[in-house]
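If you're matching positions, the sequence shown starts at 5 in our numbering and goes up one per residue. For glycine and all other residues, C-beta sits at the position ideal for the given N, C-alpha and C. Nothing here was measured: the structure is a model prediction, and the numbers come from that model.
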Amino acid sequence: MGRVLTYGQLAADTRSRLESHYSEGEARAMTRIIFERLKGFSQTDMLLKADEEASDYIAGKVEAVVKRLLDDEPIQYIFGIADFYGLEFKVTPDVLIPRPETAELVDMIVSDADGKSDLAVLDLCTGSGCIACALARNLPFAGVSAVDISEKALEIAEFNAKSLKVRVNFSNADVRSLNPSPDSYNIIVSNPPYITDSEKSEMEQNVLAHEPALALFVPDSDPLEFYRPIAEFASKSLKKGGALYLEINPLFADAVKNELKAAGFDEIDIVRDSAARNRFVRARL
């Protein structure tokens with residue numbers, strides 16, 4: 005790329021190059037993020053400064069990011085930051101990038117809680133800590149704990165809790181072998197691995213090549229590998245009137261519901277996400 009004289013020209017060139025690989029909407033959003041992260045520019049700044057000269061240094065920085073994006077590296081990993089529920093989270097390839105649908109799960113929990121305070125909350129398979137930290141920020145005086153099998157993920161989650169100034173008690177454990185803690189929690193939530201190996205062929209390369217398989221995939225032979233033990237643990241660990249919230253694979257909504265029934269839950273709601281997919285389950289005993 006030749007020297008670009010103005011921010012407007014640099015942005016237009018960036019967007020054009022990204023559109024060769026991404027949709028027009030994605031390319032526009034990525035261009036906005038690039039200038040926001042590298043220069044602190046808002047969309048208004050981009051308009052006001054469009055005719056200002058861009059230095060060779062900034063042009064080189066933009067070029068380096070564009071090359072990585074054209075190589076299918078997620079922009080959240082490039083900058084090490086992901087936005088979730090109005091908060092900024094540190095992310096690395098050791099943790100999944102938080103998804104918009106997971107924010108819908110947090111929304112449902114916060115709405116159901118309806119301002120209740122001092123709730124005991126447990127987040128299983130916490131990853132970056134995005135659910136745990138968002139709930140700690142939005143549920144008044146909640147006592148939030150979180151579990152993950154990955155020590156590297158927990159380091160990221162602990163960093164996020166500290167930087168967001170929320171209190172979360174993190175611990176390293178495999179949710180498939182947790183010992184029940186009777187009458188301990190008002191809310192248990194989990195977004196565990198739920199994509200089957202056979203679904204890999206339908207996934208985008210930037211996910212397959214860069215995001216942690218440990219947090220994504222389950223074998224075709226046992227797609228409910230995590231939901232079964234989570235259901236059993238939750239049925240024995242929730243307080244009276246408590247609820248279990250799950251993000252699920254829409255292909256297995258009925259199967260998850262059956263596992264919850266087998267574990268003793270009788271009030272089970274399958275909830276659609278904003279794209280009308282069966283994405284969440286809310287269950288009470």
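In angstroms, rounded to a whole number, what distance separates the CA positions of residue i and residue j?
| i | j | result |
| --- | --- | --- |
| Val70 | Leu100 | 21 Å |
| Ala16 | Ser205 | 33 Å |
| Ile85 | Glu159 | 15 Å |
| Phe269 | Gly44 | 49 Å |
| Glu105 | Asn282 | 11 Å |
| Asn176 | Glu162 | 12 Å |
| Ala63 | Leu74 | 16 Å |
| Lys244 | Arg41 | 46 Å |
| Leu182 | Asp152 | 11 Å |
| Arg21 | Phe93 | 28 Å |
Over the uninterrupted alpha helix (DSSP H) stretch that includes residue i, give me the two end residues.
| i | result |
| --- | --- |
| Ala124 | Taken as a continuous stretch (DSSP letters only), Ala124 belongs to no alpha helix (DSSP H), being part of the beta strand (DSSP E) at Ala124 to Leu128. |
| Asn253 | That residue, Asn253, is in no alpha helix (DSSP H); it is neither H nor E in DSSP. |
| Lys53 | Premise fails: Lys53 is in no alpha helix (DSSP H) and is neither H nor E. |
| Val95 | Val95 -> no alpha helix (DSSP H), and no H or E assigned at all. |
| Glu77 | Neither: Glu77 is in no alpha helix (DSSP H) and is coded neither H nor E. |
| Arg32 | Glu28 to Lys43 |
On the CB-based measure, 16 or more other CB atoms within 10 Å of its CB, does residue i come out buried or exposed?
| i | result |
| --- | --- |
| Pro186 | exposed |
| Met5 | Its pLDDT being 48, under 50, Met5 is placed unreliably in this model, and the coordinates cannot settle the point. |
| Thr48 | exposed |
Among the options, whose alpha-carbon lies nearest the alpha-carbon of residue i?
| i | options | result |
| --- | --- | --- |
| Asp273 | Arg283, Ala287 and Leu264 | Ala287 |
| Glu251 | Ile113, Leu182, Asn183 and Ser154 | Ile113 |
| Asn164 | Cys134, Ala117, Thr106 and Val193 | Cys134 |
| Asp76 | Leu143, His25, Ser225 and Lys94 | His25 |
| Tyr189 | Lys53, Leu123 and Gly119 | Leu123 |
In chain order, what residues of the same chain lie with their CB nearer than 7 Å to the CB of residue i, ignoring the 5 residues before and after it?
| i | result |
| --- | --- |
| Leu228 | Phe256, Ala259, Val260 and Glu263 |
| Pro78 | Ile101, Asn210 and His214 |
| Ala138 | Phe88, Tyr89, Leu91 and Val110 |
| Met207 | none |
| Val170 | Cys137, Ala140 and Arg141 |
With a threshold of 8 Å on Cβ separation, who are the neighbours of residue i within its own chain once the five nearest residues in sequence on each side are excluded?
| i | result |
| --- | --- |
| Pro97 | Tyr81, His214, Glu215 and Pro216 |
| Ala219 | Val99, Leu100, Cys129, Gly131, Ser154, Ala157 and Pro197 |
| Phe221 | Pro197, Ile199, Thr200, Asp201 and Lys204 |
| Arg180 | Glu229, Phe230 and Pro233 |
| Val285 | Leu248, Tyr249, Leu250, Ile252, Ala257, Val260, Lys261, Leu264, Ile272, Asp273, Ile274 and Val275 |
| Glu56 | Thr10 and Tyr11 |
If I measure Cβ to Cβ from residue i and keep anything under 6 Å in the same chain, skipping five residues before and after, which residues do I get?
| i | result |
| --- | --- |
| Ala136 | Asp127, Thr130, Val148, Ala150 and Val172 |
Quick one: give me the first and last residue of the beta strand (DSSP E) that residue i is part of.
| i | result |
| --- | --- |
| Asp87 | Ile85 to Phe88 |
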